[in-house]
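The structure appears below as structure tokens.
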Amino acid sequence: AFISLSDGTTLLGSGSIRLEGSAAVDEARLKVLGTTIVESGLTIATDGNGSISGGGTIDLRGTMRVEAASTMLLESCTVEMTPTGVMCAVGGTFGLGASTTIRNGRLQTSAGGAFRVLDSAIVSFENVQNQGTLGIDDGGALHVDGLLNDGTVVVNTSGGTLGSSIEPGDGTSISGTGSIVLNGASDASDALVLVNGSSFLGANQTIDATGLGLLAGQGTLSNGGTLQATGGGTLVIGDFVFGGIVIDQTSGGLLRAADASIVRILNADLQGGTLETGGTGLILTEFGGTSNIDDVHLTGVLGLVGRSTVIADSFVNDGTIIVNQDATTLVTTLRLEDGMTIGGTGTIDLRAPASDDGATISIDDGQTATLGAGQHVRGRLGRLFGGGTLFNEGTIGADAGGEVRLDGVTIDQSGGGRLSPTDDGVVRIEGDSVVIGRTFESSNGGAVVASGLDILVDGDVHVTGTFGLETVSVGAIVTMGSMRLDGEMILNLQSSNSTSIATLIDGAVMSGDGTIVFNGFTQPSNALLDLPASQTATLQSGLTLTGRLGGFGGDGTFQVHSRLDPGTESEYGSFAIDATVLLGPDAMTRLDLGGTDVATHDTLVGSGTLELGGDLFLRHAPAYEPSFGDRYTIISGPTVIGEFASVTGDPLTGVLVRRTFYGPTAVQVRITCPEDLDGSFALDIFDVIAFLGEFDAQTELGDWNGDTVYDIFDVLAYLGDFDAACE
């Protein structure tokens, strides 16, 4: 049975029109053929099943109601409500079929009632207020041009696979205090919010993926509310098919992954607002996608999945960014835009499993970015690269046994940044990289390592841990400015036969109380401090230079006020003097003696110029005692100028003494008796002549009897001892 309503019909009164089909909805129908006005006070209701169709419009000023266990189907019609119009589902269901439009007015539900966009139906809402439960069935689509949602909209009520969607139109605002629930079961596109224009989500609105859901399109969603995944659900933002959406949260929006839930970002732009995770919840990028983040505030975990890229403008990181969340071998990149800043107190964790390409922070050539003071870049394997400049005010480190590489990038730490590997981790400065300023600190076996060519370390770097040059493949050539060394700098970490050279900049000053270790393998160039011609550098007191093989090279001049201590606990050492080295009055040279053969004591050798100064101390190897007649050539090869201010050492047996003899290209120490002044190991007239020369010059040796007076008694005392013949 049906009632046909012609165009221009007006229904008046305070009664009701009841559709009471017993089974199928078409058993009781209203056919609306034009525009029908239903005045206030009149009710269209169903206590069974019924339908309204016909292609016309109902101007609803009264009430349309579905009661318990009943269904009213609206199909191929328009319901336009005035402020007094209302549609109520009181325990029953409004089924919204194909080509149905609802304009203005209110949708209310109670006692389990609901509105349902039916399977495969396309329904339009225009400026509707939803105060109840609205479901979009499998394959259904709801086009929205203005929605005040104070209830719940469920996209894909049955968890089907045909794809259900809500599609706000251009300029549409979804306001109110309700939620849009995405309930896809097998694919995120089964529950879709499709935005192809500019749409707005109000401050108290929530889009909530409790199952699988997709937010995508070619448009912009201005989110002032909350986009989230909860209850183990997954919300995907952006898509290859529907488009990479723009999410503008600058008005205070929140993107959230609750405990055990996931938000996935694929080809989307996120602008402003907060990214938040709770419990084990994660916000992840999607495989193969490129997304942008700008001015967001991260308070949880953002994970970049393998083969994804995030292009980042300024943002605040108070959480954790994981680059290569799933530890794949695929290239994963966090690309920093020109002029951007990462603020806050957070961590960027690089997690490549094998190749450092798997976890990359990139800055394009000629561009700059800033890592704030509270930021910590770390990880088991990754790299910073790109030819740009990172102003590091925070910390760049490496996890236990891990390695973070600086590859062709400039790290400017003059604002207070640190390279800080720990627990056998390494921060590696690779070829064509520049590090300027502040601190290299390491602990528990960690090290900052330079390996490669054309590396610059400048800006008064302060080393408090281990800084090493490692000759991987092509060697290590580092240009260095002034440095405060309170830790250790090791030239040629692995003691290989490759070149390891630190070339100092003109005027460079090395200070501190740390150690420079020359760890060459077969030749001095394996571990060398170098200085170009006409340039000078200063090594201040407090520093110790030690190691098995290495030294000074180039044509410049080193002013050395430090301690020279060749060798190690198990090996004798040899320092090359292939530059001009001036030992200052506060310098200390300590050489170990274990035998007269050159291989059994420390030496200074080379082809440069050595101007002696300061003190020389000779230490005996364990269980070794020098004996009469021993001679040690401790310096050979360079042009030797001057003398040590003093020569001392471990005690000798009996009356034996050391005599130091200086030549133009060598310095030799001889063990003899006190009266053997010429070191010939024989007492003869030449020793007497030598004594008289010392006496005439009023040296310490000339005052033979030690009374501080130079007189005949010194001569007599010497001659008396001379007669004793080295007894």
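Sequence positions in the sequence shown follow the working numbering and run 701 to 1427. No residue lacks a Cβ here, since even glycine has one placed at the ideal position from N, Cα and C. Please read these numbers as outputs of a predicted model, since none were measured by experiment.
Asparagine 896 carries a coil assignment under DSSP once its states are collapsed to helix, strand and coil. Within the segment 1366-1411, the complete beta strand (DSSP E) segments at least 3 residues long are 1366-1372, listed from N- to C-terminus. The three-state secondary structure of proline 1266, taken from DSSP, is strand.
In the three-state scheme derived from DSSP, where H, G and I count as helix and E and B as strand, alanine 888 is classed as helix. Cβ contact annotation for alanine 1233 (same chain, cutoff 8 Å, sequence separation greater than five): Gly1254, Asp1255, Gly1256, in chain order. For arginine 1359, the closest C-alpha among the options Gln1398, Phe1317, Thr1365 is that of Phe1317. Closest by C-alpha distance to aspartate 1396, out of Ile1412, Asp1407, Ile1385, is Ile1412. Nearest to threonine 1339 by C-alpha distance, out of Asp1315, Ala1366, Ser1346, is Ala1366. Residue state for glutamate 1103 is assigned as strand, using DSSP reduced to three classes. Of the residues Ala958, Gly1101, Asp948, the one whose Cα lies closest to the Cα of isoleucine 993 is Asp948. Non-local beta-carbon contacts of methionine 787 in its own chain, meaning distances under 6 Å to residues more than five positions away in sequence, involve Met764, Leu807 in chain order.
Here DSSP, grouped into helix, strand and coil, assigns proline 868 to strand. For threonine 746, the CB contacts under 6 Å within the same chain, skipping 5 residues up- and downstream, are Leu719, Val766, Ser770, Met772 in chain order. Going by beta carbons, glycine 1159 and aspartate 1112 fall inside the 9 Å limit. Taking histidine 997 as the centre and dropping the five residues before and after it, the same chain places the C-beta of Thr974, Val1016 closer than 6 Å to its C-beta, in chain order. Look at threonine 1300 here: in three-state DSSP terms it is helix. Residue range 786-790 is occupied by the beta strand (DSSP E) that includes cysteine 788. Aspartate 1158 is bridged by DSSP to Ile1136. DSSP places glutamate 1188 within a strand segment (E or B) once states are collapsed to three. No Cβ-Cβ contact shorter than 9 Å links valine 1135 with glycine 1152.
For phenylalanine 1091, the secondary structure class from DSSP, reduced to helix, strand or coil, is strand.
At the C-beta level, isoleucine 1216 and threonine 1179 stay beyond 9 Å of one another. Of the candidates Asp838, Val817, Arg803, Gly932, Gly932 places its Cα closest to the Cα of leucine 912. For alanine 1012, the uninterrupted beta strand (DSSP E) segment begins and ends at 1009-1012. Serine 886 sits exposed, since fewer than 16 C-beta atoms from the chains shown fall within 10 Å of its C-beta.
Three or more pairs of CB atoms, one per stretch, sit closer than 8 Å, so the segment 1095-1108 contacts the segment 1117-1128.
The beta carbons of glycine 1207 and arginine 1184 sit no closer together than 9 Å. In the DSSP assignment, tyrosine 1418 is bridged to no other residue. With respect to the 9 Å criterion, leucine 1304 and isoleucine 1334 are classified as neighbours on the basis of their beta carbons. Straight-line measurement puts the Cα of valine 1126 at about 15 Å from the Cα of asparagine 1192. Looking from the CA of isoleucine 752, the closest CA among Leu742, Thr736, Ile758, Leu730 belongs to Leu730.
Glutamate 1271 sits exposed, since fewer than 16 C-beta atoms from the chains shown fall within 10 Å of its C-beta.
Between glycine 1329 and the set Thr1296, Gly1220, Glu986, the nearest pair of CA atoms involves Thr1296. For valine 946, the closest of Thr920, Val936, Asn856, Leu927 by C-alpha to C-alpha distance is Thr920.
In this structure, the alpha-carbon of glycine 1000 lies about 17 Å from that of arginine 1078.
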